[in-house]
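Numbering-wise, the sequence shown is residues -23 to -1, 1 to 968 according to mature numbering (1 follows the signal peptide of the UniProt record, and there is no 0). Heads up, the beta-carbon is just placed ideally off N, CA and C, and yes, glycines get one too. Since the model is a prediction, treat every value here as computed from it, not as a measurement.
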Amino acid sequence: MTLVHSLLFIWISVIVSFTVTSSFSYSDTYEEHDDATNICKLTRSVQLERECRPVLSSVVSKSDLGSDKFYRIARDISFQNGDWTQEPKGSPLMPFDDTDMPNYNISAFESLLKLASFYIMGIDFAHQSDTAVGLCGLLSIGITRNRTMSYAPQKWSPWFHKSPGYSDLTILFEGLYVESQETGERLMCLLGTSLFPYSDIYANSYEYWVQHHSCKMDQSSNLDNDQIMLVLRYPQNFSLTNRAIIGEMRSLHRKSDAMYFDNVHISSMMGHDTKYQFSSEELVASACKDSSCHDTLVDENIHISKGFQFCDVFQRFANSEAFDIVVINSNCHSKSCNKLGPFVLERNLEGTNQTLDDFKLIVSNYRCVLGNNNSKRQKSAKVFAVFRALSSQENRHTSQSRSGLSGMTISAEGTWDASTGHLCMIGCVGIEKGSDECNSRICIYFPKTFSITQRKIFIGTISSMSNIDPYASLTFKKELRPKDLWNYYNEYTKSYLVYKYSKIELATKLLKRNKNLLYETFVKKFLILRYPSVKDQNNMTSLSLVSGELGFSTKVLPKILYRGSPLEQVVQLEVLTLGPMFGYYWEHQKVQTCEVKAADSNETSAFTEDEVHLNISAQLSLTGKPYSHVAELLVEGLYDPFEGKMHLIGCRSVPKFLKFGKENLTLENDMDCLIEVKVEYTSKTTRWLVNPTVKVSIVSQRAETTPLYFSPISLKSALITYRDNFSEVTFRQNFEFILRMVALLSSIAIVLRQLYYVDQKVDAVHFISLVMLGIQITGYTLPLVMNTEILFKWKAYQYPESRIINSGKSLWVERLDCALKCLVLVAFTLTFRLFQKVWDSLKVPRKSLSWKKIPSETKPFLLTFLVHIFGFLEAPQTLRTYGKVPEWANDLEKYMAIVQDLFLLPQAMGNLQWQKHGKPLSKVYYIGFSVLRFVIRGYDYIRDPIFSWHFHKYDSVTSSVIFTKSENCVIMVIVVALAIIVHVQQSHLKI
């Protein structure tokens, strides 16, 4: 006995060293104690004897409590996040602050959770007898909104905390524990001490709560309430028919006392550490006959997985999923159809089809034991689980942590049979003891075969076994989504699941019907356009990479894009299968299949065009009100890597309003599959110039008079980002360097030709516009003086400063910049020389000239100045629509590009004013520079802003673009028009 006591002292001391921060003695001062024997010390023995005698006397024959039971007592007595209830409009236990709830959200009040957790603190060996043990415990009881109580007490002393959406009352208890020898029931009677949770004393505490329920953030009074009694009843063994902890907490004050509260009823399941006893074989056998589960199978064409690691697989689903609930018999009209199956709601559902979508099902307290068989292959397993229905206002993770057994829970026990692949269980609703409420049959299957109309990875049914009070059967399911393959189900998918393509023939016809003969004959032969593709269809790594390239999630561009308008709709494509690959594959995975072995081979297979088409299945999602009728499409078909197009057949769920009239519709598994979908990708070859986007078209193949028909949908996406665009960025940098160098060399050659031309045409030199030459000189001066980019700016997205990494310029780039600036300096010098010649010609005496009046450039200068001032003032308005307005100097730098484009404007205006004959400009000059500006502006029109891996699809980034594509097009037209005007002026006017 001494050894057992010593071990127990050490165990309690370890717990105390990590969790206890205040005294566990229930004296008035709550002083700290260093001795482990003082962790629990009963100080209210007389009152315990008086108050608990009527309760303890109900246990007629008490069991002897030896020291070997102490550890089991400590393990089984504690529970977390149980439920508690109290009669409304009486004397509430504690106040609650609901200021965190919007006034208009009335339904959110229903999501309030009343939770209670009980922790054992120690055992008082001084008050131990053969049939009773002194215990100390702590009850943390509170009201929360979509959150659980703390997993460990926040304080080991009486206290009360209240904040918006959360109230927590901590009560310290001491009392006696006994066990019944006849029934095996275990009982505790405890007296507690806590703080009065109201700051003032009112004769009616409910009245105080109504008037002051939203006062201070953290409130606790200095009044101790030590007149609290708690009775907890535990079953001896944890089984299906004895599964609940039942408790009642009541106030020992009179009803007229301000500290009085109405009785509190507590319920919880046994703790996770408590061993479950599978002892309901007869009940399970009555529910699970030979064909019971097969009769409830929703789709007979579904192939069931058999003989796999059932316990591990089921636990994976139980720990991570909230299952969707649907109605099996949607044509019922009886009162049973207004109920959520066997679950007990506060009010009946007004209409099954309208409200069941608001509920989901989760699994908790899962226990699984393999059957006793000597074979390595599993043949059977025993399973226990709690199924809890929750509304849309409840948090799944919070609900999964709850242990209370309300009418929204079903405790179930059953057996999994490997020969059929069925898990059949009998379910009991709520906390009722015995088998009276165990009248629900639960069947669970794990589908093995998938198709476009069968995406369920988990299927369960709940049906009634009672003829007296039947209810409409429920189905709960988990549909496999492509994103699930990235986390929980990748290994499971590769090990147990098979995808069956069923729409390839229809997709082939669609592909042939949409073949572009012109593209096939000319474009594909003469243009090198690459799209995501694989050389070996058995290479799982390549297929996985291509699958990632084909998937996207981005915004939808509206048909009319107003400047500054936000993009609201999102289009997303998630690939589920590609060719023989189901899910995703990484090269480091050691999955020894024939496909992987072929991928490791050095041999490459040659494919014809027909052979290279890849089977594909995916999920296409669209957000936004315009696409609500096709918000989610399951698609299957062919991907053509030669053209970068997908030709798909789509299926969608039938809208709710058509569920009762679907008998007259051609449906496949309650889905509309008469939909054609086409997805077009941009070429990878042009990604350095044009950012990748996709075009999606969705067409219904039904007649316009049918209810499932919808108008054709055609949309284009915004930018699709990808991470490996470094090569495209580098290629564009090199191309633009070459383009700048060619443009500068051409400019130098053009100016040299004009210098030679003016030496031959001396009389026409005076009519060259100095304003035009000044504009060109300014264009060469800015890169030299302000260190700006030459000829045109780098076009890129500008990211938030918090995510910009300044990597600097490499030595090679700096040398290229130096070479370009040398060419700019040469062009500047030659243009300035031309300007000087024109200036000097105006100083020649008039007598030596054939004309007597010097050309005046005042009007051309003023007109040109006014035009550009107006354009400059309008340009920042464009900038404001894309982001923050830069400094005026930066604006001026950007606007100088259009000033350079319109370099012929002052020359054309001067020619109109002077009305003289002659050809002051050579054709090489005005046509050559116009072609250069047209090419530069055209290149700016074609290219998209470059992006880097900093980019995110939800970024509110700005662009370094000052003019839109349409404005660039107008500028190019003006450049051509000015060149034509000058050409006409020089050809037809006379001196």
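- Look at residue 663 here: in three-state DSSP terms it is coil, with no helix or strand label.
- Straight across, the Cα-Cα distance linking residue 254 with residue 523 is about 51 Å.
- For residue 643, the three-state secondary structure derived from DSSP is coil.
- Non-local C-beta neighbours of residue 803 in its own chain, meaning closer than 7 Å and more than five positions away in sequence, comprise 725, ordered along the chain.
- Rounded to whole angstroms, the gap between the alpha carbons of residue 19 and residue 165 is 14 Å.
- Around the beta-carbon of residue 771, fewer than 16 other beta-carbon atoms lie within 10 Å, marking it exposed.
- Following the DSSP letters along the chain, one finds residue 202 inside the beta strand (DSSP E) bounded by residues 201 to 211.
- Residue 891: member of the alpha helix (DSSP H) spanning 882 to 891, first to last residue.
- Three or more pairs of CB atoms, one per stretch, sit closer than 8 Å, so the region 25 to 32 contacts the region 157 to 174.
- Taking one beta carbon from each stretch, the region 421 to 439 and the region 247 to 265 have fewer than 3 pairs nearer than 8 Å; the two do not touch.
- In this structure, DSSP gives residue 294 a helical state, which the three-state scheme calls helix.
- Of the other Cβ atoms in all chains shown, 16 or more fall within 10 Å of the Cβ of residue 749; this residue is therefore buried.
- With contact defined as three or more Cβ pairs closer than 8 Å, the region 940 to 947 and the region 679 to 694 are not in contact.
- With respect to residue 593, residue 616 sits close: the two C-beta atoms are nearer than 7 Å.
- Distances from the CA of residue 457 to each of 595, 493 and 519 were compared; the closest alpha carbon is that of 595.
- Each residue's CA atom was taken as its position, placing residue 132 and residue 206 some 20 Å apart.
- Cβ-Cβ distances below 8 Å link residue 729 to 807 in the same chain, with the five nearest sequence neighbours on each side left out; the list follows chain order.
- With contacts defined as CB atoms closer than 7 Å, residue 717 and residue 768 qualify as a contacting pair.
- Within the same chain, and ignoring the five residues on either side of residue 461 in sequence, no residue has its Cβ closer than 7 Å to its Cβ.
- If you keep only unbroken alpha helix (DSSP H) runs of at least 4 residues inside the region 700 to 739, you get 703 to 737.
- At the C-beta level, residue 114 and residue 56 stay beyond 7 Å of one another.
- Taking a 10 Å sphere around the C-beta of residue 161, we find fewer than 16 other C-beta atoms and assign the residue as exposed.
- Per the Cβ contact rule, the region 874 to 883 is in contact with the region 902 to 920 (3 or more Cβ pairs under 8 Å).
- Across the structure, residue 913 and residue 505 are spaced so that their CA atoms are roughly 24 Å apart.
- If you keep only unbroken beta strand (DSSP E) runs of at least 3 residues inside the region 410 to 489, you get 417 to 422, 433 to 441 and 451 to 456.
- Around the Cβ of residue 243, a 10 Å sphere holds 16 or more other Cβ atoms; the residue is buried.
- In the three-state scheme derived from DSSP, where H, G and I count as helix and E and B as strand, residue 359 is classed as strand.
- Judged by their CB atoms, residue 339 and residue 299 are nearer to each other than the 7 Å cut-off.
- Between residue 364 and the set 384, 371, 348 and 708, the nearest pair of CA atoms involves 384.
- Per DSSP, reduced to three states, the secondary structure at residue 259 is helical.
- Classified as buried, residue 903 has 16 or more neighbouring CB atoms from the shown chains inside 10 Å of its CB.
- Taking the Cβ atoms as the reference, residue 625 lies roughly 36 Å from residue 449, outside the contact range of under 8 Å.
- With 16 or more other Cβ atoms inside 10 Å of its own Cβ, residue 753 counts as buried.
- Residue state for residue 590 is assigned as coil, using DSSP reduced to three classes.
- DSSP, reduced to helix, strand and coil, places residue 961 within a helical segment of the structure shown.
- Spatial neighbours of residue 529 in its own chain (CB-CB distance under 8 Å, excluding positions within 5 residues in sequence) are listed in chain order as 548, 549, 550, 671, 694 and 697.
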